[in-house]
Amino acid sequence: MTAYLLKRLAIAVATLVLASMVVFAVLEIIPGDPARLMLGMNASADQVELLRNQMGLNAPLAWRYLHWAGGLMSLDFGRSYTYSVPVIDLVRERVVVSLPLALIALALSTLIAIPVGLFSAGRHGRASDTVAMGAAQLGVAVPNFWFALMLIYLFAVWLRLVPAGGFPGWGAGVWPALKSLVLPAIALALPQAAILARVTRSALIEVLNEDYIRTARAKGLPYRAVLWRHALRNAMIPVLTILGLQFAFLLAGTIIIENVFYLPGLGRLVFQAITQRDLIVVESVVMLLVAAVIIVNLLVDLSYAVVDPRLRSRP
Amino acid sequence: MKLWKTILAAAALALATGTSAFAARTDLVIGIPLEPPHLDPTAGAAAAIDEVLYANVFEGLTRIGPNGEVLPDLAESWTISDDGKVYTFKLHTGVKFHDGTDFNADDVKFSLDRARADNSVNAQKGLFAAIDKVEVIDPATVKVTLKNPQGSFLYNMGWGDAVIVAPESADTNKEKPIGTGPFKFQSWAKGSSITLVKSDNYWGTPVSLDKAEFRIVPDAAAAVPALLSGDIQAFPFFDPDSVAQVKDDPRFKVVIGATEGETILSINNKKPPFDKLQVRQAISFALDRKAIIDGASAGLGVPIGSHMSPANKAYVDLTGLYPHNVAKAKELLKEAGLENGFKATLKLPPPSYARLGGEIIASELRDVGIDLEIIPVEWAQWLDQVFTKKDYDLTIVSHTEPNDIDIYSRKDYYFNYDNPAFDKIIAELNLTSDEARRMTLLGEAQKILADDAVVGFLYELPKVGVWDAKLQGLWENAPIQANDLTKVKWTD
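Protein chains in written order, with numbering that gives the first Met the number 0: chain A, 0 to 314; chain B, 0 to 491.
This is how it looks when you write it as C-alpha cells:
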C-alpha cells in the first residue's frame with residue numbers, strides 16, 4: 000500500500016511539473032500583448048514598451064518561467080497584471096463560489112443518478128427502464144445554458160422564488176447566498192446526473208449478470224438485498240471514476256453556467272484572464288486546477304480500495 | 000383662528016411625513032456587460048472603467064455633458080489668452096476628496112504633470128501633448144500654458160483620462176478609487192459587482208441616489224430575465240437583438256441613442272490591391288449599409304458616409320457618395336484590372352456587430368467578385384496582429400473614441416493611409432479654436448476620407464438603453480463612455 004501511494008505521489012509531482020511547462024509555453028505562443036490590451040488603441044508604441052517593462056514582461060523567457068515556478072513552490076502565485084492584486088486573493092474570492100456550487104451540484108447529481116440507475120437496472124428492458132433512460136438521454140442532449148434560462152424564467156421571473164442571477168456573497172448571509180446557488184446547481188447537476196444514471200445502470204446490469212449474484216439469489220436472499228449489498232458495491236468503481244471526473248469539471252468547466260447566472264466563479268476568472276491576457280492569473284489558476292484534479296484522482300483511486308478490498312493488497 | 004392654524008400645521012406635517020414614508024426609492028442596480036480591469040480612469044483604456052467612475056466618483060477640470068458639450072466641473076470658470084496658449088482656470092473652493100483631504104490647485108498640477116510625464120502609462124497621453132507647463136497661482140487658480148494653441152483643449156480636459164486625482168491616493172486608485180465626485184466608492188466584489196454610495200461632503204448639487212451598484216452581467220441572454228425579475232433596473236448598454244423581448248412591456252423604457260462609435264470596414268491601404276483607389280471605391284459601392292445594419296444591429300444604427308457621428312454638429316452627410324451599386328463596383332474592379340475578382344481575408348474581433356456584419360459583408364463582396372476568407376480573432380489577437388503588426392486585409396471594428404477623425408493622419412496607424420492634404424487639415428484643426436473654422440475643416444476632412452474611400456464606412460453604433468420606466472436622468476446618448484448618475488432619480 001505504501002509503495003502504491005509513493006508511486007502515485009511521484010506521478011502526481013511529475014504531472015504538475017509537466018503541466019506547468021505546457022501551460023507556460025502555450026500562453027507564450029498565443030498572440031496578444033497584455034500591455035497593449037490595457038492601454039488600448041490610442042497609446043504609442045513607446046508607452047506600451049514602458050508598461051511591458053513595468054509588468055516585467057520583457058525579462059527572458061527562462062527567467063520568467065523559473066521565477067514563476069519557483070514562486071509556486073513556496074505557494075506564491077504572483078500578482079495579476081490587470082487587477083494588480085495577488086492571484087491567490089482572486090482565487091480565494093472565487094473558490095468560495097465555485098467549490099460550494101460544485102459540491103451542491105455533485106450531491107444533487109448523485110442523489111438523482113444512483114436511485115434512477117438502480118431503478119432502471121432492476122427493471123432492465125421494461126417500459127419504465129426505457130422511459131427513465133429516455134429522460135436521461137434528453138438530459139444529456141439538452142444544452143445546459145438553455146435549460147438554465149428556462150429555470151430562470153420559471154423560478155426567478157415568474158415565481159420570483161430566487162434571484163435571476165448574481166451572487167450576494169457569503170457576507171450577506173448563508174441563506175441568500177445558498178438561494179443564489181440553487182438554480183445554477185440544478186442546471187449543472189441534471190446533465191451530470193443523466194450521465195451518471197446511465198453509467199450506474201450499465202455497471203449494475205453487468206454485475207447483475209455475474210455468477211455470484213445468481214448464487215446470492217439462489218441461496219434465498221431477497222432481490223433488494225442482492226441489489227444493495229452485492230451489486231451496487233461492485234458497480235461502484237466506474238461510478239466513482241465518473242464522479243471524480245465530474246467534480247473536476249464542475250470546479251472549473253462551468254463557465255457557461257457562470258455566465259448565464261453571472262456568478263463570480265473560477266471558470267469566469269480564467270476566461271476573463273485569457274481574454275485580457277492576464278497570463279500570470281491563467282497560469283497560476285490552471286496549475287491550481289491541475290493540482291485539484293490530481294488530488295481528486297488520488298482520492299478516487301484510494302476510494303476504489305475502500306469499496307473493493309481486493310485492491311488493498313495489490314502493489 | 001389660532002386653533003385652525005395649529006390643526007393645519009399638524010395636517011401639513013402629517014402629510015409631509017406621510018409622503019416621506021412613501022418617498023421614491025434611492026437605490027439602483029445597473030447592469031454592465033464588462034468588468035473594469037481596475038478602477039483608475041487615468042491608467043487604462045477599458046471603457047468599463049469610465050462607465051463606472053466617470054462623473055460619479057472622479058471629476059476633471061471640465062466635463063462632457065449628455066450631448067457632448069463641454070461643461071465646467073472642478074474649474075468653475077476659465078479665461079483664455081488672446082494667442083490661445085494660456086488657460087487660467089478658477090477652481091471651486093471647499094472641495095474635498097473622499098478620504099477627507101482638500102482639493103486645490105496643487106492636485107490639478109499633480110494630475111496633469113503625472114499624466115504627461117515620461118513614465119506615464121495614461122492610455123490617452125496624447126490629450127496632454129500640447130501642455131508646456133502647469134503653474135499654481137494660488138490654491139484656487141491654475142495656469143496651463145500650451146506649446147501651441149489647441150482648439151480641443153477644454154474638451155480634452157473633460158475626458159475620463161484627465162480626471163483630477165490626489166497625490167495621496169493616486170497609486171491606490173486602481174483598487175480603492177478616491178475622487179471628488181458626488182459618489183464615493185464602497186466595495187468591489189470582483190467578478191460580481193461594484194458599489195458606490197452617496198458622498199456626504201460633496202461640494203456641488205447632491206445626488207438623489209443613496210446607493211448605486213454596477214452588476215456585471217456578461218451574457219446578453221441573462222440580461223432580459225434580470226430586468227424582468229426586477230433584480231437589475233437599468234441596462235444602459237443593452238444588446239440590440241434582445242430589445243424585441245422588452246420593448247412592448249410598459250414597465251420598461253427602451254431608449255435608442257447615438258454613440259461616438261463609427262463602425263467601419265477597415266482596409267489595409269498599403270496592401271495590394273487595396274492600394275488602388277478603384278478597388279476601395281468598388282468595396283464602398285458593394286456595401287449595402289441597410290442590410291448590414293439590419294443583420295448586425297437589429298436594424299438600429301444610422302448609416303455613415305465618413306468618420307463622424309451623425310449626432311456631432313460637424314457632421315456632413317456623405318452617405319450618398321457610394322450608394323449600393325453592384326454594377327458600378329464591378330466596373331471599377333475592371334478598371335483596376337481585376338475583372339476576375341480576387342481573394343482576401345477578413346479578420347473579425349468578438350463583438351457581434353463584427354461577427355454578424357462580417358458574414359453579410361463577405362456575401363456582398365462575393366457578389367462583385369471579391370472572395371473573402373473570414374478569420375475570427377480575439378481582442379488580444381486583433382490588437383496584436385491587426386492593430387500593431389498591420390497583418391490584415393480587411394477587418395471590422397467600431398472606433399468608439401469621440402472626435403477621433405485625426406486617427407487617419409496618424410503616422411503608422413493600422414489603416415496605412417497617407418494623404419498630406421488630409422494631414423494638413425488636421426494640423427490646422429489642432430491649432431484652431433474658432434468654432435466656425437473648425438466646422439469647415441472637419442467638413443473638409445470628412446469629404447477627403449469619403450473621396451479616398453479609405454475604409455468602408457458602415458454605421459454609427461447605436462446606444463440601446465433599457466431601464467425601469469420610473470427611472471429618470473440616465474443618458475440617452477453616449478458622447479463619451481460613461482454612466483453619469485448625477486441626475487438619476489426615481490419618480491413617484
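Cβ coordinates follow ideal geometry from the N, Cα and C atoms, glycine included.
Just to confirm the assignment, what range does the beta strand (DSSP E) spanning residue i have?
i: Arg-62/B; result: 61-63
i: Ser-179/A; result: Ser-179/A -> not in any beta strand (DSSP E); alpha helix (DSSP H) instead, spanning 173-207.
i: Ser-192/B; result: 192-197
i: Trp-466/B; result: 455-467
i: Glu-261/B; result: 251-266
i: Val-28/B; result: 26-31
i: Leu-345/B; result: 341-347
i: Gln-185/B; result: 182-188
i: Val-396/B; result: 393-398
i: Ile-369/B; result: 369-375
What's the call for residue i, buried or exposed, on a 16-neighbour Cβ count within 10 Å?
i: Ala-188/A; result: buried
i: Leu-160/A; result: exposed
i: Leu-12/B; result: Because the pLDDT at Leu-12/B is just 47, under 50, the model does not fix this residue reliably, and the point stays unresolved.
i: Glu-282/A; result: buried
i: Met-235/A; result: buried
i: Gly-266/A; result: buried
i: Ser-80/B; result: exposed
i: Ala-20/B; result: Low confidence applies here, because Ala-20/B scores a pLDDT of 45, under 50, leaving its location unreliable and the question unanswered by this model.
i: Glu-92/A; result: buried
i: Leu-264/B; result: buried
i: Phe-76/A; result: buried
i: Leu-153/A; result: exposed
i: Ala-161/B; result: buried
i: Arg-197/A; result: buried
i: Asn-121/B; result: buried
i: Gln-53/A; result: exposed
i: Lys-124/B; result: buried
Along the alpha helix (DSSP H) that carries residue i, what are the first and last residues, could you check?
i: Tyr-154/B; result: 152-155
i: Ser-108/A; result: 86-121
i: Thr-439/B; result: 434-450
i: Asp-495/B; result: Limits of chain B in this structure are 0 at one end and 491 at the other, which puts residue 495/B out of reach.
i: Lys-6/A; result: 1-28
i: Ala-68/B; result: Checking the sequence, you will find Glu at residue 68/B rather than Ala. Neither: Glu-68/B is in no alpha helix (DSSP H) and is coded neither H nor E.
i: Ile-294/A; result: 278-306
i: Glu-48/A; result: 44-54
i: Lys-333/B; result: 325-334
i: Ala-211/B; result: Unbroken run through Ala-211/B is the beta strand (DSSP E), 210-215; no alpha helix (DSSP H).
Could you list which residues in chain A have their beta carbon closer than 7 Å to that of residue i, in chain order?
i: Gln-123/B; result: Asn-41
i: Lys-175/B; result: What Lys-175/B touches in chain A: nothing, since even the nearest Cβ is about 11 Å away.
i: Asp-247/B; result: Residues of chain A passing the Cβ test: none, with the nearest at roughly 16 Å.
Please list, in chain order, the chain B residues whose beta carbon lies closer than 9 Å to that of residue i.
i: Met-149/A; result: In chain order: nothing, as chain B lies at least about 10 Å away.
i: Thr-1/A; result: Chain B residues near Thr-1/A: none, gap ~43 Å exceeds 9 Å.
i: Thr-274/A; result: Pro-349, Glu-377, Trp-378 and Ala-379
What residues of chain B sit near residue i, judged by a beta carbon separation below 7 Å?
i: Ser-83/A; result: His-37 and Lys-173
i: Arg-159/A; result: Ser-228
So which residues on chain B does residue i lean against when the C-beta distance must stay under 8 Å?
i: Asn-258/A; result: Pro-217, Asp-218 and Ala-221
i: Leu-36/A; result: Trp-378, Ala-379 and Leu-382
i: Thr-109/A; result: Going along chain B, no residue has its Cβ under 8 Å from Thr-109/A, so there is no contact; the nearest lies around 28 Å.
Taking C-beta pairs closer than 9 Å, name the residues in chain A that residue i reaches, listed in chain order.
i: Thr-190/B; result: Position check: residue 190/B holds Gly in this sequence, whereas Thr was assumed. Here the neighbours are Leu-89, Glu-92, Arg-93, Val-96, Phe-166, Glu-257, Tyr-261, Leu-262, Pro-263, Gly-264, Arg-267, Leu-268 and Gln-271.
i: Asn-118/B; result: Leu-49 and Gln-53
Measuring only from the beta carbon, is residue i closer than 6 Å to any heavy atom that is part of the ligand MG?
i: Gly-472/B; result: As for the ligand MG, it is missing from this structure, which has no ligand bound.
For a contact defined as C-beta to C-beta under 8 Å, what are the partners of residue i on chain A?
i: Pro-224/B; result: Leu-148, Ile-151, Tyr-152, Ala-155, Val-156, Ala-163 and Gly-164
Within 7 Å (strictly less), CB to CB, does residue i reach chain E?
i: Gly-31/A; result: No chain E is present in this structure, whose protein chains are A and B.
| Is the region 162-170 of chain B in contact with the region 23-35 of chain B, if contact means three or more CB pairs nearer than 8 Å? | no
| query | Enumerated in chain order, which unbroken segments of the alpha helix (DSSP H) with a length of 4 residues or greater are wholly contained in the region 123-147 of chain A? | reply | 126-140
| Unbroken alpha helix (DSSP H) runs of length 4 or more, entirely within the region 72-104 of chain B: which are they? | none
| task | Report yes or no: do the region 132-143 of chain B and the region 45-56 of chain B share at least 3 C-beta pairs separated by less than 8 Å? | result | no
| Quick one: complete alpha helix (DSSP H) runs, 4+ long, within the region 128-176 of chain B? | 152-155
| query | For the 8 Å Cβ check, are there 3 or more pairs between the region 431-443 of chain B and the region 287-303 of chain B? | reply | no
| In the region 288-313 of chain B, which residue ranges form an unbroken alpha helix (DSSP H) of at least 4 residues, counting only runs that do not cross its ends? | 288-296
| task | Decide yes or no for the touch test of the region 105-115 of chain B against the region 44-62 of chain A: beta carbon pairs closer than 8 Å, at least 3 of them. | result | no
| request: Say whether the region 397-411 of chain B touches the region 300-317 of chain B, bearing in mind that this needs 3 or more beta-carbon pairs closer than 8 Å, one atom from each stretch. | output: yes
| task | Would you check if there are 3 or more beta carbon pairs closer than 8 Å linking the region 256-275 of chain A to the region 77-91 of chain A? | result | yes
| query | Pairing CB atoms from the region 182-192 of chain B with CB atoms from the region 104-116 of chain A, are three or more of them under 8 Å? | reply | no
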